[in-house]
Amino acid sequence: MSNVSINLGPFRQNLGNATKFEAMLANLIVEDSEPYVPMLTGQLARSYTVIQYGGHTQVVYDMPYARYLYYGLAMDWKDHKAPNHGKGWKKVVAVPHRQLHYTFNQHPEAGSHWVQRAKEANSDTWRKKVGAALASQ
Numbered sequence: 001m002s003n004v005s006i007n008l009g010p011f012r013q014n015l016g017n018a019t020k021f022e023a024m025l026a027n028l029i030v031e032d033s034e035p036y037v038p039m040l041t042g043q044l045a046r047s048y049t050v051i052q053y054g055g056h057t058q059v060v061y062d063m064p065y066a067r068y069l070y071y072g073l074a075m076d077w078k079d080h081k082a083p084n085h086g087k088g089w090k091k092v093v094a095v096p097h098r099q100l101h102y103t104f105n106q107h108p109e110a111g112s113h114w115v116q117r118a119k120e121a122n123s124d125t126w127r128k129k130v131g132a133a134l135a136s137q
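Position 47 (the sequence shown) corresponds to 47 in the working numbering; numbering is contiguous.
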C-alpha cells in the first residue's frame with residue numbers, strides 16, 4: 001500500500017521534544033488540510049494517521065493512490081504476472097503524459113500538495129496556537 005508521509009521536522013525547532021505539542025500541530029495540519037484533499041468518497045481524507053516514533057511525528061495518508069494524488073500524478077493499473085506463481089497481480093504505475101483531473105464537488109479547493117497549500121494558508125495560525133499551548137504549559 002502506498003502512503004504519503006508529511007514530515008513535521010521543520011516545525012520541531014520551536015517544539016523541542018514535546019511530542020504532545022507535535023501531536024497538536026499534526027492534528028491542526030490534518031484539520032486545515034482537509035479542504036484541499038481530493039474527495040470522491042472521503043476515504044482518502046479519513047485514511048490519515050498521526051504516527052509518533054523516535055522523537056518524530058508524521059501525518060500519513062494511507063491509501064494506495066494517496067501518493068499519486070498528492071503529487072498530481074495520473075496512475076494506471078497494470079497487469080503483471082508474478083514469477084513462478086501464474087496468477088496476475090496489479091501494479092500501480094505513474095503515467096506522466098496523462099493529466100490528472102480532480103473533482104471539486106465536495107472540496108472546491110481540492111488538488112495536489114494539500115498539506116503544503118494548507119501550510120501556506122495557515123502556518124501563522126499554527127505557530128500561534130502551538131505557541132499559546134507552550135506558553136500555558
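Glycine residues also receive a C-beta, built at the ideal position from the N, C-alpha and C atoms.
>> Buried or exposed for Pro108, going by 16 or more other Cβ atoms inside 10 Å?
In response: exposed
> According to DSSP, is Met39 helix, strand or coil?
Replying inline: coil
> Are there 16 or more other CB atoms within 10 angstroms of the CB of Leu162, so buried, or fewer, so exposed?
Replying inline: Residue 162 cannot be examined here, being either before or after the span of the chain that is shown, 1 to 137.
> Is the segment 40-50 touching the segment 60-74 in the sense that three or more CB pairs, one from each, lie closer than 8 Å?
Replying inline: yes
>> Assuming contact is defined by CB atoms lying nearer than 8 Å, are Tyr71 and Ser112 in contact in what I supplied?
In response: yes
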